[in-house]
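Start counting the sequence shown at 1; every next residue gets the next number (our numbering).
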Amino acid sequence: MKVFIAGATGRVAQALIERLVEKGHFVYAGARRENEIPESDQVKPVHLDLHGDVASLAKTLGDAEAIYFVAGSRGKDLLQTDLYGSVKLMQAAEQEGIARYIQLSSLFALVPENWSDSITNYNIAKFFSDSWLIDNTDLDYTILQPGNLKEEAGSGKITTKIEKRSENSIENVATVLAEVLERPNTYQKVIMMGDGDTPIDEALSKI
Numbered sequence: 001m002k003v004f005i006a007g008a009t010g011r012v013a014q015a016l017i018e019r020l021v022e023k024g025h026f027v028y029a030g031a032r033r034e035n036e037i038p039e040s041d042q043v044k045p046v047h048l049d050l051h052g053d054v055a056s057l058a059k060t061l062g063d064a065e066a067i068y069f070v071a072g073s074r075g076k077d078l079l080q081t082d083l084y085g086s087v088k089l090m091q092a093a094e095q096e097g098i099a100r101y102i103q104l105s106s107l108f109a110l111v112p113e114n115w116s117d118s119i120t121n122y123n124i125a126k127f128f129s130d131s132w133l134i135d136n137t138d139l140d141y142t143i144l145q146p147g148n149l150k151e152e153a154g155s156g157k158i159t160t161k162i163e164k165r166s167e168n169s170i171e172n173v174a175t176v177l178a179e180v181l182e183r184p185n186t187y188q189k190v191i192m193m194g195d196g197d198t199p200i201d202e203a204l205s206k207i
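The structure is reproduced here in structure tokens:
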């Protein structure tokens, strides 16, 4: 499958690209600094400006068959990138007839009473972005909501039964993102996740 990744220079995206390539997919790696992304037979760097309009974003998508939004401004451009950038990319996807759309979000983004005070503005951006995807598009979306990201080896085991703050290895998050791509049982679903005791394949099969 030909896959477009928005935010391809990020930590999660880099691990995601590796997993998608391992599974035989072709990746359009979209980023503002696309020159930092090594090109290969299965990875093509593409310049992506989330400040652009919907028409220009639609042209960027090329012949992609699925889209990942894993871009993030790390708090520096929440409205234009994390919120409006994602909404415009959704609109571009619909304009181009690309139905499969996978969005990396934040744990409890749709449950304000559970937000952490330290990232309230980020959660606000994700709340409205996730809500737009659910309520205002006809896309075959999956929204993945992990907790705190950790730079450590992935265990390959997670839990999707989340009641409080969770921690997630970046490798586990990237693996889940790659695995949901071709699983119709994850369409129109919001998946909260944390590192846990259930193998990823088994956990996703139960969704």
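Note that the Cβ used here is the ideal one computed from N, Cα and C, for glycine as well.
Supposed close pair residue i, residue j - CB separation, criterion 8 Å
i, j, result
"Tyr233", "Val21", "With the chain covering only 1 through 207, there is no way to say anything about residue 233."
"Val176", "Ile200", "6 Å"
"Glu39", "His47", "13 Å between Cβ atoms; not a contact."
"Asp117", "Thr159", "Not quite, the Cβ-Cβ distance comes to about 24 Å (not below 8 Å), so this is no contact."
"Ala31", "Thr9", "5 Å"
"Lys150", "Glu167", "6 Å"
Residue from the options whose Cα sits closest to the Cα of residue i
i, options, result
"Leu16", "Leu78, Glu96, Val43, Asn123", "Val43"
"Gly75", "Ile124, Gly30, Gln103", "Ile124"
"Ile143", "Tyr122, Trp115, Pro45, Phe108", "Phe108"
"Glu182", "Ser56, Asp140, Arg32", "Asp140"
"Gly194", "Glu18, Gln145, Trp115", "Gln145"
"Ile37", "Arg11, Ala55, Gly156", "Arg11"
"Asp53", "Lys189, Pro45, Lys88, Arg19", "Lys88"
"Met90", "Ser56, Gly147, Val27, Val111", "Ser56"
"Val28", "Ala58, Arg19, Gly62, Gly156", "A quick correction: the sequence has Tyr, not Val, at residue 28. It is Gly62."
"Asp136", "Ala58, Ala93, Gln14", "Here the sequence assigns Asn to residue 136, which means Asp is not the residue at that position. When only C-alpha atoms are compared, the closest one is Ala93."
"Glu202", "Tyr122, Lys157, Ile170", "Lys157"
"Asn114", "Ser205, Gln103, Gly147, Asp77", "Gly147"
"Gln95", "Asp138, Gln103, Lys189, Tyr122", "Asp138"
Neighbour-count burial assignment, residue i, 16 or more Cβ in a 10 Å radius
i, result
"His51", "exposed"
"Gly85", "buried"
"Gly72", "buried"
"Ala6", "buried"
"Leu79", "exposed"
"Thr120", "exposed"
"Asn172", "buried"
"Gly24", "exposed"
"Ala153", "exposed"
"Ser105", "buried"
"Val180", "buried"
"Asp82", "buried"
"Pro112", "exposed"
"Lys126", "buried"
"Ser169", "buried"
First through last residue of the beta strand (DSSP E) which encompasses residue i
i, result
"Glu167", "167-169"
"Met192", "189-195"
"Ile207", "Per DSSP, Ile207 belongs to no beta strand (DSSP E) and is neither H nor E."
"Val70", "Element bounds for Val70: n/a, residue is neither H nor E."
"Lys157", "157-159"
"Leu149", "148-150"
Continuous alpha helix (DSSP H) stretch holding residue i: start and end
i, result
"Asn123", "120-135"
"Gly85", "84-96"
"Val12", "11-22"
"Asp77", "Run containing Asp77: none; DSSP gives neither H nor E here."
"Ala31", "Unbroken run through Ala31 is the beta strand (DSSP E), 26-31; no alpha helix (DSSP H)."
"Leu57", "54-60"
Checklist entry - Okay, do the segment 168-182 and the segment 118-131 touch, 3+ Cβ pairs below 8 Å being the bar? => result no
Checklist entry - Quick one: any contact between the segment 80-99 and the segment 60-67, if contact means 3 or more CB pairs under 8 Å? => result yes
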